[in-house]
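Enquirer: Take 1 as the starting number for the sequence shown in the UniProt record's numbering and just add one per residue.
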Amino acid sequence: LLQAFKDPSSPFHIRPGETGPASPDEEPGDAPHDSRATVDKGTDSPPSHPVRRTSPRDASPASLAEARAALVDRGFDPDVLWTQKIVWGDLDSFQPCDHLQSRIYWMSTFGERFGGPSAAEALLKGKGVSLILKSIQVNFRRPVTHPDTLIVAHKPHRPASTELAADATHLHLRASAYSLNQRAFVAHAEEVVVWYDYDRLKKCTPEQGLLDAVWATAGKRRN
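(1) Have a look at H170 and A184 and give me their C-alpha separation to the nearest angstrom.
(2) Would A62 pass as a contact of Y178 if the rule is Cβ separation under 7 Å?
(3) For K203, which of H146, S130, P159, T145 has the nearest alpha-carbon?
(4) Should the segment 153-167 be regarded as contacting the segment 119-128, the criterion being three or more beta carbon pairs within less than 8 Å?
(5) Check each candidate in E190, P206, A189 and name the one with the smallest Cα separation from D197.
(6) Just verifying my parser: in three-state terms, what is the DSSP assignment at F76?
(7) Quick one: residues in its chain with C-beta nearer than 7 Å to the C-beta of D79, no 5 flanking neighbours on either side, listed in chain order?
(8) Whole angstroms are fine: how far does the CA of G115 sit from the CA of V138?
(9) Assuming L100 and S176 make a contact with CB atoms under 8 Å, what is their CB distance in whole Å?
(10) With respect to the beta strand (DSSP E) encompassing S179, which residues constitute its N-terminal and C-terminal limits?
(11) Is the beta carbon of V192 sitting closer than 7 Å to the one on K134?
(12) Excluding the five sequence neighbours on either side, which residues of its own chain have a C-beta within less than 6 Å of the C-beta of Y105, listed in chain order?
(13) Using C-beta distances below 6 Å, list every residue in its chain close to L210, excluding the 5 sequence neighbours before and after it, in chain order.
(14) Below 8 Å on the Cβ atoms is my contact criterion, and I expect L173 with P156 to pass it. Report the Cβ-Cβ distance as a whole number of Å.
(15) Nearest by alpha-carbon distance to A218: which of D77, S9, L64, S10 is it?
(16) Assuming Q84 is part of the alpha helix (DSSP H), what are its boundary residues?
As C-alpha cells, then:
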C-alpha cells in the first residue's frame with residue numbers, strides 16, 4: 001500500500017505536501033491523475049471517452065440507468081440488481097472484487113417471491129431446502145479501484161451439456177458486474193450451486209414452486 005501512495009499512476013497516490021485520508025471511509029478529493037476507460041458502456045469494445053472517478057455517493061441517476069440497461073440487455077432481471085459500493089476492504093493488491101452479496105440478494109429476491117420474507121430468511125440461514133456453492137469461474141475483465149460503484153446481477157441458465165442440464169440437484173448461474181466509473185462490464189462469472197436439504201444433510205431436488213421462482217429471475221436477453 002505504501003508503494004501505491006508513492007506511485008503517481010496509482011489512484012491512491014499522495015503528492016508531496018499532501019496528506020492522505022484519515023480513514024478508508026473518508027471521501028477523496030479530485031484525483032491527481034487522468035483515468036481513461038478502455039471499455040464502452042454495456043459492451044466489451046474500447047471507447048475513447050475519459051472517465052471521471054466518482055465517489056460511491058455521487059453516482060448520477062443517468063449512470064445508474066445506463067448500468068441497469070446494460071445488465072437488462074444481457075438478460076438480467078432488473079429486480080435482482082445489486083449495488084456494490086467499493087471500499088478499500090473489498091479489494092486485494094490485484095484489485096479483484098467478489099460478488100457474493102449479489103448472489104445472496106438474488107436468493108433473497110426469489111425467496112420472497114416464492115413464500116414471502118420467512119421463505120427468504122430460511123434460504124439465507126440454511127433452513128430446510130436452500131442452495132450451497134459448488135464451483136465458480138470468474139473472468140476478471142478489468143481492475144476495480146476505490147472509489148467506485150458496481151452494479152452486479154445473477155441469473156440462472158441452462159448449460160449446453162444435456163447431461164449437466166439433466167441433474168435437477170444442480171443449478172447453473174451467470175453473473176456480471178458493471179462499473180459506473182468505467183461504464184463497462186468488469187467481470188463475468190459462471191457458477192454452479194447445489195440444492196441442499198439442511199434438515200437431512202444431503203443434496204435434493206426442490207419443489208416446482210421454488211424452481212418457478214428461480215427461473216422467473218432469468219429475464220430475457222435482448223438482441
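Yeah, the Cβ is synthetic: ideal placement off N, Cα and C, and Gly gets one too.
Expert: Let me lay it out:
(1) Here the question's residue 170 lines up with position 170 in the sequence shown. Here the question's residue 184 lines up with position 184 in the sequence shown. If I take the Cα positions, the gap works out to 30 Å.
(2) Looking up residue 62 in the sequence shown gives position 62. Looking up residue 178 in the sequence shown gives position 178. The answer is no: Cβ separation not under 7 Å.
(3) Here residue 203 refers to the residue found at position 203 of the sequence shown. Comparing Cα positions, the closest option is S130.
(4) no
(5) One-based indexing of the sequence shown puts residue 197 at position 197. Closest option to D197, Cα to Cα, is P206.
(6) As a working mapping, residue 76 is identified with position 76 in the sequence shown. Note: F76 maps to coil in three-state DSSP.
(7) Mapped onto the sequence shown, residue 79 falls at position 79. Hits under 7 Å: T109.
(8) Taking the sequence shown and counting its residues from 1, the one referred to as residue 138 is at position 138. Taking the sequence shown and counting its residues from 1, the one referred to as residue 115 is at position 115. In a straight line, the C-alpha of V138 is about 31 Å away from that of G115.
(9) Taking the sequence shown and counting its residues from 1, the one referred to as residue 100 is at position 100. Taking the sequence shown and counting its residues from 1, the one referred to as residue 176 is at position 176. So it is not a contact: roughly 15 Å between Cβ atoms.
(10) Translated into the one-based positions of the sequence shown, residue 179 becomes position 179. First-last of the beta strand (DSSP E) with S179: 170-179.
(11) As a working note, residue 192 is residue 192 in the sequence shown. As a working note, residue 134 is residue 134 in the sequence shown. Going by C-beta atoms, V192 is nearer than 7 Å to K134.
(12) Here residue 105 is taken as the residue at index 105 of the sequence shown, counted from 1. For Y105, where only same-chain residues beyond five positions count, the Cβ hits under 6 Å are W82.
(13) Translated into the one-based positions of the sequence shown, residue 210 becomes position 210. Around L210: F114.
(14) Taking the sequence shown and counting its residues from 1, the one referred to as residue 173 is at position 173. Taking the sequence shown and counting its residues from 1, the one referred to as residue 156 is at position 156. Indeed they touch by this definition, with Cβ atoms about 6 Å apart.
(15) To locate residue 218, count along the sequence shown from 1; it is residue 218. Considering only alpha carbons, the answer is D77.
(16) As a first step, residue 84 is located in the sequence shown; it is residue number 84 there, counting from the start. Careful: Q84 lies outside any alpha helix (DSSP H), inside the beta strand (DSSP E) at 82-86.
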